[in-house]
Amino acid sequence: MAYYRQVGSVPPKRHTQHRRPDGGLYYEELMGEEGFVSDSSLLYHRTIPSAIVDSRIWDLPDLTTTPNHPLKPRHLRLHELFPPDTWGDTDVVTGRRLVLGNADVRLSYAVSTKESPLYRNATGDEMVYVESGAATVETVFGALEARGGDYVFVPMSTTHRWVPHGDEPLRVYAIEANSHIAPPKRYLSRYGQFLENSPYCERDLRGPSAPLTREGTDVEVYVKHRAGGVIAGTVLGYPQHPFDVVGWDGCLYPYTFSVHDFEPITGRVHQPPPVHQAFEGHNFVICNFVPRKVDYHPQAVPVPYYHSNVDSDEIMFYCGGDYEARKGSGIGQGSISWHPGGHSHGPQPGAVEKSLGAQFFDELAVMVDTFRPLELGEGARACEDPGYAWTWSGRGPAR
Numbered sequence: 001m002a003y004y005r006q007v008g009s010v011p012p013k014r015h016t017q018h019r020r021p022d023g024g025l026y027y028e029e030l031m032g033e034e035g036f037v038s039d040s041s042l043l044y045h046r047t048i049p050s051a052i053v054d055s056r057i058w059d060l061p062d063l064t065t066t067p068n069h070p071l072k073p074r075h076l077r078l079h080e081l082f083p084p085d086t087w088g089d090t091d092v093v094t095g096r097r098l099v100l101g102n103a104d105v106r107l108s109y110a111v112s113t114k115e116s117p118l119y120r121n122a123t124g125d126e127m128v129y130v131e132s133g134a135a136t137v138e139t140v141f142g143a144l145e146a147r148g149g150d151y152v153f154v155p156m157s158t159t160h161r162w163v164p165h166g167d168e169p170l171r172v173y174a175i176e177a178n179s180h181i182a183p184p185k186r187y188l189s190r191y192g193q194f195l196e197n198s199p200y201c202e203r204d205l206r207g208p209s210a211p212l213t214r215e216g217t218d219v220e221v222y223v224k225h226r227a228g229g230v231i232a233g234t235v236l237g238y239p240q241h242p243f244d245v246v247g248w249d250g251c252l253y254p255y256t257f258s259v260h261d262f263e264p265i266t267g268r269v270h271q272p273p274p275v276h277q278a279f280e281g282h283n284f285v286i287c288n289f290v291p292r293k294v295d296y297h298p299q300a301v302p303v304p305y306y307h308s309n310v311d312s313d314e315i316m317f318y319c320g321g322d323y324e325a326r327k328g329s330g331i332g333q334g335s336i337s338w339h340p341g342g343h344s345h346g347p348q349p350g351a352v353e354k355s356l357g358a359q360f361f362d363e364l365a366v367m368v369d370t371f372r373p374l375e376l377g378e379g380a381r382a383c384e385d386p387g388y389a390w391t392w393s394g395r396g397p398a399r
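Take 1 as the starting number for the sequence shown in the UniProt record's numbering and just add one per residue.
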C-alpha cells in the first residue's frame, strides 16, 4: 500500500503493552507480506487470534482448466452463468464459477443476494470488481461499503465476508492472485507516494474508518489455501468471533477504489494499452477503460489499431457503456473477450471507419493481461459464444 493508516485504539509504541479497561492485555498480531520485509499492519485483538477448535475439508467448486487448443479468440457471456432463480441459493464466495485461470491468477464470476460465510484467501490478494449491486464487506480491519463500479481490494489472509443489500443482486468479477496486487511502480515515488502523473491517488482509496467487532462462539471461517501443489479448501472453527480487533495501524489493509475515480490518460493520437493500467500482480496487470475524450489529432483513428501483444493473453470484461471497437461482434454488458497471445486482434470490420471524427467514447471495461497463457474454467465452457472467432472474416471455419 502507498500510505499509513491508524484506526481505533493502539498503544503509543509498537510491540509494547496495550491493556484493556479491566487491566488485561490485548493480543498483538503482526500481519505482514514477503517474510515481514514488505508492507505490514499491527492488529490488537481481544482474544488469541491463533486459537482454533476445529478443522475440516471445504470442497471447493470446480477449479479444473483446459488449454485454449486449438488456439482461437473467444467470447464468453457471463450473465448466462447465473439465472435469476439461482441468486438466493449461494453467495459470492462459495458460489464463484471459475472462468479463466493459470498458475498466477484466477478470474471468476458470481451473482447472489445471500451473505457469504467468513472467508480468507491464503493463496494471494484478491481484487474484486463489483459490476452491479451493493454490499457491505465486513473485515477484521473494519467495514467497507462497495457498490457498482468499485474494486474491493482484500489482502492475502484477511478474514472477511460479503453482505449484499439493496434491490438488485450483487454481481462480482473476482481477480484472485497467487501473489500480491499493488499499484504499478511507475506511479509511485521511491518512498511509495503516488506521483503527479498517476491516474489516481491516495484520496481515491477508501479504507476502513472504525473497528468492527462481532460477538459469537464456535465461528467458522472458510479458508482457501495451498496443499500439495494445488488450491484446497478448509473450514476452521474458532472459539470466539475473529472480528474482535479494537485497533490497528500500518500500510496493509483492505480498501475500495471506484473505477469512476480513474482519470484517463489521452493524447493527440491513440495511446498504447499501458496508459490504462491500474494495478499489477505477478505475471499479470489490471487495466481500466473508462469514458473519455479520444484522440484529437485531425487525422486520428480513435479505435485501437490491430495489435499482437506477443507476451500476453488479453481479457476484457465489458461492464458498461458502448464499446466502439467491438460493435457487430455480439459482445455486450457482462461479456468477456479473450484474445490470446499468438493471435493478432483489433476492431471489428467497419469499426475503424465509423469511429473517424469521434470525440468521446462512453465505454467501461476491466482488462486483465496475463504473461502466461490462460486456460478455460468450467464457467467459460458453459457460456461461450461459439461464433465469435470468425466475426472478423464473416465466415465460419473451413473444413
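Beta carbons: idealized from backbone N, C-alpha and C, even for Gly.
From a predicted model like this one, the values you see are computed outputs, not experimental measurements.
Starting from Arg56, trace the beta strand (DSSP E) both ways and give me its first and last residue. Asp54 to Ile57
Work out the CA separation of Gly379 and Ala146 for me, nearest whole Å. 25 angstroms
His339 vs Glu314 beta-carbon contact at 8 angstroms: yes
Boundaries of the alpha helix (DSSP H) in which Cys383 is found, first to last residue: Glu378 to Cys383
Bounding residues of the beta strand (DSSP E) (the contiguous stretch that carries Lys114): No beta strand (DSSP E) holds Lys114; DSSP gives it neither H nor E.
Who are the near neighbours of Val285 in its chain, counting only those whose CB is closer than 6 angstroms to its CB and skipping five residues on each side? Gln277 and Asp369
Run through the region 312–377 for me and flag every whole alpha helix (DSSP H) of 4 or more residues, listed as ranges in chain order. 351–355
Helix, strand or coil at Phe153 according to DSSP, with G and I counted as helix: Here Phe153 sits in strand by DSSP.
Output the distance between the C-alpha atoms of Leu97 and Leu374, rounded to the nearest integer angstrom. Position check: residue 97 holds Arg in this sequence, whereas Leu was assumed. Distance between the alpha carbons of Arg97 and Leu374 is about 15 angstroms.
With H, G and I counted as helix, E and B as strand and the rest as coil, what does DSSP make of His270? coil
Arg214 - partner residues in DSSP beta bridges: Its beta-bridge partners do not exist; DSSP assigns none.
Do three or more CB pairs link the region 172–191 to the region 233–246 at distances below 8 angstroms? no
Lys290 to Gly24 span [Cα, whole Å]: According to the sequence displayed, residue 290 carries Val and not Lys. Rounded to whole angstroms, Val290 to Gly24 spans 52 angstroms at the Cα level.
Report the partner residues of Pro164 according to the DSSP bridge assignment. Ala135
Report all residues from its chain with a CB closer than 8 angstroms to the CB of Asp39; omit the five preceding and five following residues, and keep chain order. Met1, Gly32, Glu33, Gly250, Cys251 and Leu252
Just to confirm my understanding: we take Ser112, look at its own chain, exclude 5 residues before and 5 after, and list those with CB closer than 7 angstroms. What are they? Here the set comprises Trp87, Thr90, Asp91, Val92, Gly95, Pro164, Pro169 and Leu170.
For Val128 versus Val154, is the C-beta spacing smaller than 8 angstroms? yes
Can you tell me whether Ala227 is buried or exposed, with buried defined as 16 or more other CB within 10 angstroms of its CB? It counts as exposed.
Span separating the alpha-carbon of Pro349 from that of Leu376: 27 angstroms
Cut-off 7 angstroms between Cβ atoms - residues of its own chain near Gly133, not counting five sequence neighbours on either side: Gly148, Pro164, Gly166, Glu168, Pro169, Leu170 and Arg171
Could you give the C-beta distance for Ile336 and Leu78, rounded to a whole number, given that I count them as a contact under 8 angstroms? 6 angstroms
How many Å lie between His297 and Arg203 at the Cα? 33 angstroms
From Tyr151, Glu384 and His69, residue whose alpha carbon lies closest to that of Phe262: Among Tyr151, Glu384 and His69, the Cα nearest to that of Phe262 is on Tyr151.
Rounded to whole angstroms, what is the Cα-Cα separation between Leu71 and Arg206? 41 angstroms
When DSSP builds the beta bridges, which residues end up paired with Tyr222? Tyr119 and Val235
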